[in-house]
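Asker:
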Amino acid sequence: MRRRIVPYFLLSPGTIWLVLFFVVPLYYMGKLSLESGVVGSLEFNWNWSNYSEALSLYDSQFIRSFVYAGVATLLALLISYPLAYTIAFKAGRWRNALLFAVVAPFFTTYLIRTLAWETMLSDESPVTKFLHTVGLAPSGHVLATSGAVIAGLTYNFLPFMILPIYASLERIDVRLIEASKDLYCSAAQGFWRVTLPLSAPGIVAGTLLTFIPAAGDYVNAQFLGGVGNRMIGNVIQSLYLTQSNYPSAAALSFVLMGLIMVAVVVYIRFAGSEALMGEEAV
Amino acid sequence: MVSSEKDRRGRQTVLAVLLAAVALALDLAACGGGGGGGIEGGGGEESAEEVKLQGKPSGTVTISNWPLYIDKKTVPDFEKATGLTVKYIEDVNDNAEFFGKMQPLLSQGESGGRSLFVVTDWMANKMRQLGYLQNLDKSGIPEVEKNLRGPLRHPAFDPNRDFSVPWQSGMTGIIVRKDLAPNVHSICDLFDPKYKGKVDFLTEMRDTVPLVMKCEGVDPEKAEAGDWLKAIEKIKGAAQSGQIRRFTGNDYASDLTSGNVVAVIGWSGDAVQLQIENPNIEWRMPTEGCMLWSDNMVIPVGAPNPTAAEAWMNYVYEPKNQAQIEAYVNYVTPVEGVKELFEKTEPELAKNQLIFPSESFTKKCSIAPPLSASEEQKLTQAFDAVLNS
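Here it is as structure tokens:
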């Protein structure tokens, strides 16, 4: 008897927390998303048109959010993997210092870091001048372009990519790589056949940790973007805070949640749950 | 062989991280939808609940205002003069956001302990229509009756000033970098392809759209919904062509000082401050005229100690007290007699057209007309679609 209670007891803080701050608000938001009218006289009447309207009015922002988040995730992966690899295998006694360097930016809030980027990329800044000279900013400005938003997203979520990949690389038993050499693998073959598959769980975790928050982000588009760079997070924010159109904002939030879930499920299927669980390692 | 124990733990870690990621994402999305439900019904429409004065003001009064909208001395001076205790909080940053925060309380007939707060004309109007504001007892505010400037006495949304008393007023026009765009003098100039990508417009619909209407030759005070939509269409075109760099609140300040843009639609009080930092920044009265607005003190339903709130209104309308506030905030004072005081003490300020605009200076300016709830929703939707494009 006692044995059966213990697990529930241990689960209860988490469960209560989730129910109170996730399930209950979710219920109210769901209800809100099906209401109609203006603030002050909202009524619940299964108004599903909030959803169809949300999708038809803001489809381009949805697509843009997923494209931005996707490109940022890919860039983050390309930057993170070699970095994590170096820290895990080549850094020697510098390992902790390098890891600290990866985490250090987190001592400053996300908002301030993005505002710093705004200053750094302003039209008269040396960075922008340089990019213009080498032909990467033909219009003469970097701020208020999609490039700036994607760069900001990549930068802000980079550590979420580096850390899981590092963790999975660091766990790899070096003897396996040695064994591959014993079996006449070249360095490249060894990497493709041993190291990369073994680090797949880290890659999957890192891409999800980057992609999911990036798709819902609105800070980068707000500060680094301009006209034509707004993401779905900005739309939800403005529907809620400036238009006081709570039903549409709630419906959009649900659509975003749904789309992200679908994307994640498809991705995990595609990447293979074995990769995620590290089955191939055995 | 690899230790299977270590491996299993690793897998569990990855799973936990994944779950955390999904929960985080859901959380973010939930956040966007905001604080939840219970947004039902308001007070009665046009219910004219009136402030009931209770003898001599005493006790504590809580005042909500915008940041940096008062000098440091006025509150303690008021406390000394009246014996009241004032809790002065600066928690209004944006009309719409403040509304979002207060609405669930106000719809329950509560004000969250606030006796008085300050909102812009259109928001005062909106709250009034929802029955969230009380009528004032004018016997408690004789100084307001006496000293309120003539042009502010009969605004369309509150023709007899039954429920609102201006805190400060201001003008919306253009702010330019004299060194980079010396020839911008009108709203129409902002659409000149010469300044492509070098112009910011305001996210505040009631400033940006009527000004563009003026450029089109439409009088905003007589405009119909169709005129608004036409102006929004024009703004949309400029946004899509890349003419407008971005839509901002007063964060246009950073774009202007760094030279990212050369001209913006902006507020007079900001320009007075910015000019101190960079003398090349200048507020200009558009040749088409400006938009005039006021931020108003209002007493919400369920406000504790409204008697003291009226005492506060009365106090800040005494010219010498108002002069003290005005010297600090640099917006347009709604109180008669302040200019005369400044002429003696600070003649430079008294001459500044941005602080004491003459009637001829603001001749062509307009006040944004009140919109009905359904018009408002339609127009904000159209305008926000442009902002969010």
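Top line first, the protein sequences correspond to chains A and B.
Using this note's numbering, the first residue of the first sequence is number 1215, and each one after it goes up by one.
Using this note's numbering, the first residue of the second sequence is number 15, and each one after it goes up by one.
C-beta: ideal position from N, C-alpha, C; glycine also.
Report the residue from A:Pro1373, A:Phe1280, A:Leu1345, A:Ser1339 whose alpha carbon sits nearest the alpha carbon of phenylalanine 1321 of chain A.
Answerer: For the residues A:Pro1373, A:Phe1280, A:Leu1345, A:Ser1339, the minimum Cα distance to phenylalanine 1321 of chain A belongs to A:Pro1373.
Asker: Name the chain A residues that come within less than 9 Å of aspartate 398 of chain B, Cβ to Cβ?
Answerer: By Cβ distance, chain A contributes Val1449, Ser1452, Leu1453, Thr1456, Gln1457, Asn1459.
Asker: On a CA-only basis, which of A:Gly1430, A:Val1441, A:Val1341, A:Gly1306 is nearest glutamate 1384 of chain A? Give me that one, please.
Answerer: Residue A:Gly1306 is the option with its Cα nearest to glutamate 1384 of chain A.
Asker: Just to make sure I have the definition right: I need the residues of chain A whose C-beta is within less than 7 Å of the C-beta of leucine 401 of chain B. Which are they?
Answerer: Simply Ser1452.
Asker: For the region 335 to 352 of chain B against the region 189 to 208 of chain B, do three or more pairs of beta-carbon atoms, one drawn from each stretch, fall closer than 8 Å, so that the two count as touching?
Answerer: No, they do not touch.
Asker: Chain B partners of glycine 1306 of chain A, CB-CB under 8 Å?
Answerer: Result: empty, since nearest Cβ-Cβ is about 23 Å, beyond 8 Å.
Asker: Measuring only between beta-carbons, confirm whether leucine 1357 of chain A sits less than 8 Å from chain B.
Answerer: True, the Cβ-Cβ gap to chain B drops below 8 Å.
Asker: Can the beta-carbon of isoleucine 1386 of chain A be found less than 8 Å from the beta-carbon of leucine 1412 of chain A?
Answerer: Yes, the Cβ-Cβ distance between isoleucine 1386 of chain A and leucine 1412 of chain A is below 8 Å.
Asker: Exposed or buried, what is asparagine 107 of chain B when buried is set at 16 or more other beta-carbons lying within 10 Å of its beta-carbon?
Answerer: Asparagine 107 of chain B should be labelled exposed.
Asker: How is isoleucine 53 of chain B classed by DSSP in three states: helix, strand or coil?
Answerer: Any reading at isoleucine 53 of chain B must be qualified, since the residue scores a pLDDT of 34, below 50, and its modelled position is unreliable; the value itself is stated next. Here isoleucine 53 of chain B sits in coil by DSSP.
Asker: How should leucine 240 of chain B be labelled, buried or exposed, when 16 other C-beta atoms within 10 angstroms of its C-beta is the threshold for buried?
Answerer: Checking the displayed sequence, the identity of residue 240 of chain B turns out to be glycine instead of leucine. The residue in question, glycine 240 of chain B, is exposed, as its Cβ has fewer than 16 Cβ neighbours within 10 Å.
Asker: Could you tell me how far apart the beta carbons of tyrosine 1265 of chain A and isoleucine 1446 of chain A are, in whole angstroms, since I believe they sit closer than 8 Å?
Answerer: About 14 Å; that fails the 8 Å criterion.
Asker: Using a Cβ-Cβ cut-off of less than 9 Å, list which residues of the region 1429 to 1440 of chain A approach chain B; keep chain order.
Answerer: Result list: Ala1429, Gly1430, Asp1431, Tyr1432, Phe1437, Gly1439, Gly1440.
Asker: Could you name the residues of the region 1344 to 1370 of chain A whose beta carbon sits closer than 9 Å to any beta carbon of chain B, in the order they occur along the chain?
Answerer: For the region 1344 to 1370 of chain A, which is checked against every Cβ of chain B, the residues closer than 9 Å are Ser1353, Gly1354, His1355, Leu1357, Ala1358.
Asker: Shorter than 8 Å from the beta carbon of arginine 258 of chain B to some beta carbon of chain A?
Answerer: First, the residue type needs correcting, since residue 258 of chain B is isoleucine and not arginine in the sequence shown. By this cut-off, isoleucine 258 of chain B is an interface position.
Asker: What's the gap between the Cα of isoleucine 249 of chain B and the Cα of proline 234 of chain B?
Answerer: Each residue's alpha carbon lies about 16 Å from the other.
Asker: Name, please, each residue of chain A whose Cβ falls closer than 7 Å to the Cβ of glutamate 362 of chain B.
Answerer: Those do not exist, as glutamate 362 of chain B stays about 32 Å from chain A at its closest Cβ, beyond 7 Å.
Asker: Rounded to a whole number of angstroms, what is the C-alpha to C-alpha distance between aspartate 398 of chain B and leucine 363 of chain B?
Answerer: Between aspartate 398 of chain B and leucine 363 of chain B, the C-alpha separation is close to 38 Å.
Asker: What residues in its chain sit with their C-beta under 8 Å from that of threonine 271 of chain B, if we drop five residues either side in the sequence?
Answerer: Within the same chain, threonine 271 of chain B has close Cβ partners Leu288, Glu291, Asn292, Ile295.
Asker: For a contact defined as C-beta to C-beta under 7 Å, what are the partners of alanine 387 of chain B on chain A?
Answerer: Result: Val1252.
Asker: Could you spell out the range, first to last residue, of the alpha helix (DSSP H) harbouring lysine 101 of chain B?
Answerer: No alpha helix (DSSP H) holds lysine 101 of chain B; the beta strand (DSSP E) holding it covers 99 to 103.
Asker: According to DSSP, is methionine 1243 of chain A part of a helix, a strand, or is it coil?
Answerer: Of the three classes helix, strand and coil, the one that applies to methionine 1243 of chain A here is helix, per DSSP.
Asker: Taking a contact to mean a Cβ-Cβ separation below 8 Å, would you say tyrosine 1497 of chain A touches isoleucine 1230 of chain A in this structure?
Answerer: Because chain A spans 1215 through 1496 in this model, residue 1497 of chain A falls outside it and cannot be assessed.
Asker: With a threshold of 16 other CB atoms inside 10 Å of the CB of threonine 321 of chain B, please say whether the residue is buried or exposed.
Answerer: Under this definition threonine 321 of chain B is a buried residue.
Asker: With C-beta atoms as the reference, is glycine 1379 of chain A less than 8 Å away from tyrosine 1295 of chain A?
Answerer: Note that residue 1379 of chain A is isoleucine in the sequence shown, not glycine. In this structure, tyrosine 1295 of chain A lies closer than 8 Å to isoleucine 1379 of chain A by Cβ.
Asker: Give the DSSP-derived three-state secondary structure of alanine 170 of chain B in the structure shown.
Answerer: In this structure, alanine 170 of chain B counts as coil in the three-state DSSP scheme.
Asker: When you compare only the Cα positions, how much space is there between valine 36 of chain B and phenylalanine 1280 of chain A?
Answerer: Because valine 36 of chain B sits at a pLDDT of 48, beneath the cut-off of 50, its placement in the model cannot be relied upon, and the point is left open.
Asker: Where does asparagine 274 of chain B land, buried or exposed, given buried means 16+ other C-beta within 10 angstroms?
Answerer: Under this definition asparagine 274 of chain B is a buried residue.
Asker: Give every residue of the same chain whose Cβ lies closer than 6 Å to the Cβ of alanine 1485 of chain A, excluding the five residues on either side of it in the sequence, and list them in chain order.
Answerer: If we look at alanine 1485 of chain A and ignore the five residues flanking it on each side, its Cβ neighbours are Val1418.
Asker: Would you say glycine 211 of chain B and histidine 1355 of chain A are within 8 Å of each other, going by their C-beta atoms?
Answerer: In contact: glycine 211 of chain B and histidine 1355 of chain A (Cβ atoms closer than 8 Å).
Asker: Taking a cut of 9 Å between CB atoms, which residues from the region 273 to 297 of chain B lie near chain A?
Answerer: So the close ones are Gly273, Asn274, Val275.
Asker: Is there at least one Cβ from chain B nearer than 8 Å to aspartate 1396 of chain A's Cβ?
Answerer: No, no contact with chain B.
Asker: Quick one: what's phenylalanine 1258 of chain A bridged to in DSSP?
Answerer: DSSP lists A:Glu1249 as partners of phenylalanine 1258 of chain A.
Asker: Could you spell out the range, first to last residue, of the alpha helix (DSSP H) harbouring phenylalanine 1371 of chain A?
Answerer: Counting along the chain, the alpha helix (DSSP H) containing phenylalanine 1371 of chain A begins and ends at 1360 to 1385.
Asker: At a CB distance below 8 Å, what residues from the region 101 to 120 of chain B approach chain A? Give them in sequence order.
Answerer: Those residues of the region 101 to 120 of chain B that come within reach of chain A (Cβ to Cβ, closer than 8 Å) are Asp108, Ala110, Glu111, Phe113, Gly114, Gln117.
Asker: Helix, strand or coil for arginine 1307 of chain A, going by three-state DSSP, please let me know.
Answerer: In this structure, arginine 1307 of chain A counts as helix in the three-state DSSP scheme.
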